[in-house]
Structures are given as C-alpha cells and as structure tokens.
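Count along the sequence shown from 1, then add 198; that gives the number in our numbering.
What follows is a single structure, written as structure tokens, with notes after it.
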Amino acid sequence: MKKYLLLAITGLAISSLQAQEVSDAMRYAQDNLNGTARFRGMSGAFGALGGDFSALNVNPAGGAVFTSSQIAVTLSNRSLSNKSQYFGTGTKENDNSFDLNQLGAIWVFENNDSNSGWKRFTIGANYDNVSNFDNTIYSQGHNPNNSISNYFLSYANGNNFGDFSQQQTDLGYQGFLINLGNDGSGNAIYTRNTPTGGNYYQENYVNTSGYNGKLSFNLAAQYNDRFYFGLNLNSHFTDYTRKTSFYEDYLDTPGAPTDLQSSRFVNELYSYGNGFSFQVGAIAKVTSDLRAGFAYESPTWYRFTEDFRQSIASNLGGLDTGTITYPDYRLQTPGKYTASLAYVFGKIGLISVDYAMKDYSNTKFKPNDDFFSSRNDQMESLLDATSEVRIGAETRYKKWSFRGGYRFEQSPYKDGKTIGDLNSVSGGLGYNFGPIRVDAAYAYAKRDSQLQYFTQGFTDRANIKSVSNTVSLTLLFEM
C-alpha cells in the first residue's frame, strides 16, 4: 500500500489552472437576458424606448422617458434542461429555480422653468439578477481511447512546474491511477496504472450554483422634447460554487484487469467577488414616431477570491488536499456598444430593434504577469468579436398590452462550437390598473455547447444542448 501524503500548498501558489479557464472568464463576460416581464416579453429590445427599469441596463437615457415616479419588483421561475451526448450515449438533467429577478425605484422631477431647455430629471436605482448560475450537467458513456490517467500523466511527465502540477501528480499517484518507475537509465518516469484496452466507462457530473447581481444608480435628463441623456454607475457582486465529480471504471475494458477497478476525481471551487462598470447613452426623437438610441457600456472590472479543493478515491486508496484559498486576482470583461431604432404607432403599439457589438477577445485577467499573460493570449486567440440582435414589438388594446420578441447572439468563440449561437423567442402581456400595472412574460432560449472535462492530457468533450424556459411576473406601482 502506498504511503498517504498530505499536500501542504501555501497561499503564495499561483492560482489553479482549473479556476482560470477561458470558460470561467466567459461566465462573467457574457450577458444574460433578465429583468422585468415587459423587458423579457420583448426580448430586451429597449435601447431606443426606455421607460422600463431593465431598459436602463441597455441605455441609461431611458430613465428620462419615465413620466412618473415608480417602484417595480419582478419574480421569475426558470426551468433549464441539459441534454448531453458523450460517445453515443445520451443523458438529460433538469433544473428549476425561483428568484427575485429585479427590484427598482425611480424618481421623476419636472423642471418648471419655462426658459430652460431641460424639461425633466430622473434619479433611479435598480437591482438585476444578471446571471443565475444554478445548473446541473450529467454525462456518461464509454470512451474508446482515453482514460483519466492521461490527465495526471500530462502533469507528471510534462513540462509543468509549480505547486498545482505537483498536486495533480500526487493525486494521480495516491489514487493509484499512475505509477512511479524509471526509463531504464535511472530517470524517474510515471506510467499509467489503468488498463490499456480502451472502452472506459465514464461519468461526469457538474453542479453549479450562485448568482451575478448588478445594482445600478441611474441619472437621466430630457432636453427639449427630443433628446434624452443618461448615466449608470454599476456595482457588481457575484457568488459562485462549482462541484465536478468524474467517475471511471474498467469493468468493460478489454484485456486482463488490474487490481484497480474504479476511481472518482472531485473538484470543488468557490469564487466570490465584486466589480464596477459604467454606462452612458442617448435617445433622440428623429420624428414624432421614430426614435434612435446609442449606448456604451464600459468593461466591468472585477476582483475575485477563490477557495479550491480536490480529492481522489479509488478502490485502492485516495487523497484529499484540503481547502486552498488563493490570492485575489482581477478580471476585466469587454465593453459593449448598442445602437437602436424604434417606431411608435401612436397609442396602438410599437416595434423596436437593438444591435449590439462586443469583442470577447478583449477579456483580460490581471495582473498581466507570466501566468496571466499566457491565459490572456489564449483568450485572444480563441475568442471573437460578436453581434447581437434583439427585436421586440408591443400592441395595446384598451388596458391590455401584448408583446413578443426575438433575440440572436453570436458565439463568443471563433470555432462557434465551444459555446454556440443563442436563439431565443419570447412573449408576454400586461394589464394596466392605473396606479398599478401587472406584466407577465415567457421566454424560450436554446444554445449548444461543448463541455471539456479537463484542461490537458484528457480533453474529450461532451456535446450539450441547453434549453431554458423562463416565466416572469412584474408588479409596478406609481408613486
């Protein structure tokens, strides 16, 4: 029996490669369409409209479109389905979550000075749950070629240095997945202890939870009857937990079995942090019916702290590293430009279109030292500039409003597969009671992706088809 080792990893160790993958940066760089039911019912196409709390997240000038002081609260229920295909085997996992999606208030101040061109000023505060991280993905199948031992061998025999590389080597060794020997010339070399016949049965379970919230402070003003200007100062805060559990056994592997029959490798990450961003925007009434909007959203500057834990167990032994807290690091997400047009058909209804651009290759980890510079180079080579189109429409009949929308977002990856294009449709309705308005919406979204289990040595992927169905309800009160 091999001697049990306890790894002593200091806080000065460079951050774990598992925690710094490009996909982790994308978790905070990508936008998710959340907010009020009216906003979601029109697929977020509000850049030239305003007058809605979540529209402030698109164009802060929309605050000056409000004609009365208001308070709004939104609750939502999301059902998420993930279908996985891994070497011909299909699996499915469902998640359901309920949360407070939006809460905001805005105060409107009319300027009674008839000699001034500034007609109205507004001050608002709005909270949006930008991302809900609750998710479960389960994959299983028989891998014809690669075992998890290849992952540990890539660190044990590769040109990898530092505490993390040593930790992976010791995990593989203590889990009896790799053996220590020599190459015949007295040089130490690791070899795999798993059978070599292929057809490895594997299961991978990923469970994530948490949120990414944004609190916006909005200042907006109307000039004459045609122009609106706005500014947002945004505070971001996030809490994220991910647990992955990879299981492998060799009962179906051809050839003579070894004493090793099965293994399970567990990784647990807890990440929390905060950030800041700002937005500026303008809306113009080109004619009495046609409106145009333009907005810029700055990068978000995040600071994160992470706790990380790994363990491995097999039928022969195992190792638990204990929890490691790494030094803080920073992440800068890319900025975003949005141009919008809307046409208002009097009191009958409206149609609106938003076009947004974001260059994900500008995502950066900081400080840009030797370790992070390689990650930044990797993101620059893998990620791309993208376009997003949102189309929304609303029609009114007496006190009822009926809404619909469509959203398309390009993949942020150059290969178009790691995370695919997003397609979404939505619909909703509202009823105006006077000082109280009730809105409801339903949104359907679909996106394909590829889940890579490990960073090197064993890089096979599962194909994931994700479908979300979200129902939102907003109560709005005029003050």
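A virtual CB, placed ideally from N, CA and C, is assigned to each residue, including glycine.
Alpha carbon to alpha carbon, how far is residue j from residue i? Give it in angstroms, no decimals.
i: residue 538; j: residue 528; result: 32 Å
i: residue 659; j: residue 399; result: 14 Å
i: residue 570; j: residue 563; result: 6 Å
i: residue 584; j: residue 558; result: 7 Å
i: residue 555; j: residue 279; result: 28 Å
i: residue 414; j: residue 321; result: 11 Å
i: residue 298; j: residue 503; result: 25 Å
i: residue 628; j: residue 540; result: 20 Å
i: residue 269; j: residue 252; result: 12 Å
i: residue 624; j: residue 638; result: 11 Å
i: residue 206; j: residue 452; result: Confidence at residue 206 is low in this model, with a pLDDT of 31, below 50, so the placement of that residue is unreliable and no value is reported for it.
i: residue 652; j: residue 349; result: 7 Å
i: residue 376; j: residue 346; result: 10 Å
i: residue 447; j: residue 344; result: 12 Å
i: residue 372; j: residue 383; result: 25 Å
i: residue 237; j: residue 249; result: 10 Å
i: residue 391; j: residue 466; result: 25 Å
i: residue 677; j: residue 261; result: 16 Å
i: residue 214; j: residue 365; result: Residue placement at residue 214 is poorly supported in this model, since its pLDDT is 40, which falls under 50; the coordinates still yield a value, given next. Their backbone Cα atoms lie some 10 Å apart in a straight line.
i: residue 304; j: residue 674; result: 11 Å
i: residue 501; j: residue 313; result: 47 Å
i: residue 472; j: residue 603; result: 32 Å
Cutting at 7 Å between CB atoms, please list the residues of its own chain near residue i, excluding the five before and the five after it.
i: residue 336; result: 282, 289, 291, 403
i: residue 145; result: An answer regarding residue 145 cannot be provided, because it is not within the stretch 199 to 677 covered by the chain.
i: residue 256; result: 242, 244, 245, 493, 536, 552
i: residue 306; result: 264, 265, 266, 267, 318, 320
i: residue 613; result: none
i: residue 387; result: 355, 379, 380, 381
i: residue 656; result: 344, 346, 348, 349
Can you have a look at residue i and say buried or exposed, based on whether 16 or more other CB atoms are within 10 angstroms of its CB?
i: residue 525; result: exposed
i: residue 579; result: exposed
i: residue 497; result: buried
i: residue 394; result: exposed
i: residue 486; result: exposed
i: residue 469; result: buried
i: residue 224; result: buried
i: residue 352; result: buried
i: residue 662; result: buried
i: residue 634; result: exposed
i: residue 231; result: buried
i: residue 440; result: buried
i: residue 545; result: exposed
i: residue 423; result: exposed
i: residue 495; result: buried
i: residue 484; result: exposed
i: residue 567; result: exposed
i: residue 308; result: exposed
i: residue 565; result: exposed
Rank the options by C-alpha distance to the C-alpha of residue i and give the top, closest one.
i: residue 642; options: 605, 660, 674, 650; result: 605
i: residue 235; options: 663, 617, 601; result: 601
i: residue 597; options: 469, 620, 619, 632; result: 632
i: residue 518; options: 356, 368, 621; result: 368
i: residue 258; options: 422, 386, 449, 475; result: 475
i: residue 341; options: 666, 363, 396; result: 396
i: residue 416; options: 312, 501, 410, 427; result: 427
i: residue 621; options: 582, 644, 636; result: 644
i: residue 363; options: 508, 630, 674; result: 508
i: residue 421; options: 277, 676, 311; result: 311
i: residue 667; options: 572, 247, 294, 648; result: 294
i: residue 607; options: 228, 221, 220; result: 228
i: residue 477; options: 445, 442, 534; result: 534
i: residue 221; options: 405, 650, 665, 442; result: 650
By Cβ distance, which residues of its chain are closer than 8 Å to residue i, with the 5 residues on each side in sequence left out?
i: residue 547; result: 591, 592, 593, 594
i: residue 300; result: 232, 233, 234, 251, 252, 270, 271, 272, 324, 325, 326, 327, 672
i: residue 370; result: 347, 349, 350, 351, 353, 354, 376, 388, 510
So, for residue i: in the same chain, excluding its five sequence neighbours on each side, which residues have a beta-carbon less than 6 Å away from its beta-carbon?
i: residue 669; result: 275, 640
i: residue 530; result: 497, 499, 562
i: residue 210; result: In this prediction, residue 210 scores a pLDDT of 29, lower than 50, which makes its location untrustworthy; the coordinate-derived value is nonetheless stated afterwards. Same-chain partners within the cutoff: there are none.
i: residue 609; result: 617, 618, 619
i: residue 511; result: 462
i: residue 199; result: Unreliable positioning characterises residue 199 in this predicted model, as indicated by a pLDDT of 34, which lies under 50. A coordinate reading is not provided.
i: residue 433; result: 413
i: residue 588; result: 241, 242, 243, 552, 605
i: residue 542; result: 487, 548
i: residue 479; result: 257, 258, 259, 428, 493
i: residue 505; result: 468, 521, 523
i: residue 630; result: 597
| task | Counting only runs of 3+ residues fully inside the segment 242-322, write out the beta strand (DSSP E) ranges in chain order. | result | 268-284, 287-308
| message | What ranges does the beta strand (DSSP E) occupy inside the segment 494-525, keeping only unbroken runs of at least 3 residues that lie completely in it? | response | 499-512, 516-518
| message | Ignoring anything shorter than 3 residues, give me the beta strand (DSSP E) runs that lie fully in the segment 369-447, in order along the chain. | response | 376-380, 386-390, 398-421, 425-447
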